[in-house]
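Right, one structure below, let's go through it.
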Amino acid sequence: MTDGAEHYGRDIREVQSEIAGLRSELRRFIEHANRQHVDTVLGGLRKEYAGVFVEQHLSDADQRLRERMIRECPMRERCYAAFYEFLKSSAEHIKDGEVSEEVVQSYRDRLAEMRKGGKFDTCSTCFTETNRLFEKQIELMRSLGIYRSNKETSSSVADLSDEILVRDILEPLANRHRFRIVQSLAAETQTFSALSNLTGLRGGNLLFHLKKLQDAGMILQRHERGDYIITEKGYRTLKGIGTLYSALQP
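Take 1 as the starting number for the sequence shown in the UniProt record's numbering and just add one per residue.
Spelled out as structure tokens, the structure:
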């Protein structure tokens, strides 16, 4: 009887070991499939909608510059043309598929040189807005997975900015609705209606959370009223959280 019990227990342990192995394989398969999904979607998004992203950004840049540049300045129209041309030139790199650190730095240097030519104390207002719009382009490039700075690839814990870390990574996902949205988009693109059914949120409440994730660069909308997709940043963040959670398990 004892030998039979031991044999039975050994069989159970073997089955448990096999199940654990299958779970591990299944997890790797799902992660690989999700990775392929994200790569495929982002690749298609970059190819099909790069021009739309550039157009939308330049439309926003035109509006922001006209609203926020100093109105009484005699150089306003001349500077507007220079700033818009600068942003138009840098935005075109969104279509390239990959943007190097050297290219981005060359634009930062170019803007710094332009700043030296400012003749008035109020020039700082217009340059600050232009720089903000340029950095918004860079965030879009990061979200699309076409740009990662050298600092990002070699940063240590000591280099992390608590403000940026909380604002751009921790806070956007520190809400169960937003976390579920990113989780679902890691598997497939989703419509607004599907995300509404998933979260139980309606109208403005859901838009609030979607905007939080969009502002953080975690998700993108294909076009106005289009499907939502996860970005490279969103996928990497979600995967990092999964890895951390697994490592912390007893």
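Beta carbons are placed, not taken as given, at the ideal position from N, Cα and C, and that holds for glycine.
message: Quick check on the burial criterion: 16 or more other C-beta atoms within 10 angstroms. Buried or exposed for V166?
response: It is exposed - the Cβ of V166 has fewer than 16 other Cβ atoms within 10 Å.
- prompt: Which ranges does the beta strand (DSSP E) cover as unbroken runs of at least 3 residues, wholly within the segment 71-132, from first to last along the chain?
  reply: Qualifying beta strand (DSSP E) stretches: none in this window.
- prompt: At what residues does the alpha helix (DSSP H) containing I146 begin and finish?
  reply: I146 -> no alpha helix (DSSP H), and no H or E assigned at all.
field: Nearest candidate by alpha-carbon position, reference G240, set Q56, V182, L140
entry: Looking at the Cα atoms, V182 is the closest of the given residues.
query: Candidates C73, E135, E85, S106: which alpha carbon is nearest L118's?
result: Rather than Leu, the amino acid found at residue 118 in this sequence is Gly. In this structure, C73 is the residue among C73, E135, E85, S106 with its C-alpha nearest to the C-alpha of G118.
message: To the nearest angstrom, how far is the alpha carbon of K136 from that of Y245?
response: If you draw a straight line from the Cα of K136 to the Cα of Y245, it comes to about 31 Å.
message: In this structure, how does DSSP classify L220 when only helix, strand and coil are distinguished?
response: In the structure shown, L220 sits in a strand (DSSP, three-state: E or B).
query: alpha helix (DSSP H) containing I241: first to last residue?
result: Counting along the chain, the alpha helix (DSSP H) containing I241 begins and ends at 232-248.
- prompt: First and last residue of the alpha helix (DSSP H) that includes I169?
  reply: Premise fails: I169 is in no alpha helix (DSSP H) and is neither H nor E.
- request: Can you tell me which of I70, T189, I164, E113 puts its alpha carbon nearest to the alpha carbon of F86?
  value: The option with the nearest alpha carbon to F86 is E113.
task: Quick one: give me the first and last residue of the alpha helix (DSSP H) that Q190 is part of.
output: Where Q190 is concerned, there is no enclosing alpha helix (DSSP H), given that its DSSP letter is neither H nor E.
field: Separation of Y84 from Y107, as counted between CA atoms
entry: Take the alpha-carbon of Y107 and the one of Y84: they are about 13 Å apart.
message: Using a Cβ-Cβ cutoff of less than 7 Å, which residues in the same chain neighbour R180 once the five nearest sequence positions on both sides are dropped?
response: Residues L198, T199 of the same chain have their beta carbon placed closer than 7 Å to that of R180, with the five preceding and five following residues left out of the count.
- prompt: Roughly how many angstroms lie between the CA atoms of D162 and T130, to the nearest whole one?
  reply: One C-alpha to the other measures close to 25 Å.
query: Going by DSSP, which residues form a beta bridge with I229?
result: DSSP, once it has assigned bridges, lists L220 as partnering I229.
- request: Under 6 Å Cβ to Cβ from L238, same chain only, skipping five residues before and after it: list those, please.
  value: Taking L238 as the centre and dropping the five residues before and after it, the same chain places the C-beta of V182, A186 closer than 6 Å to its C-beta, in chain order.
task: If I'm right that I146 touches V99 with Cβ under 8 Å, what's the distance once you round it to whole angstroms?
output: Between I146 and V99 the beta-carbon gap is near 5 Å, inside 8 Å, which marks them as a contact.
field: Nearest-angstrom Cα separation, counted from R202 out to S193
entry: Their backbone Cα atoms lie some 9 Å apart in a straight line.
message: So for L140, helix, strand or coil by DSSP?
response: Note: L140 maps to helix in three-state DSSP.
field: Under the three-state DSSP convention, the category L207 falls into
entry: Here DSSP, grouped into helix, strand and coil, assigns L207 to helix.
message: I'd like to know whether the C-beta atoms of I70 and M141 end up nearer to each other than 8 Å.
response: Not a contact, by the Cβ cut-off of 8 Å.
query: DSSP three-state call for S154: helix, strand or coil?
result: With a pLDDT of 48 at S154, under the threshold of 50, the modelled position of this residue cannot be trusted; read the value that follows with caution. DSSP places S154 within a helical segment (H, G or I) once states are collapsed to three.
message: At the level of alpha carbons, what is the spacing between R236 and R148?
response: Spanning the two alpha carbons is a distance of roughly 13 Å.
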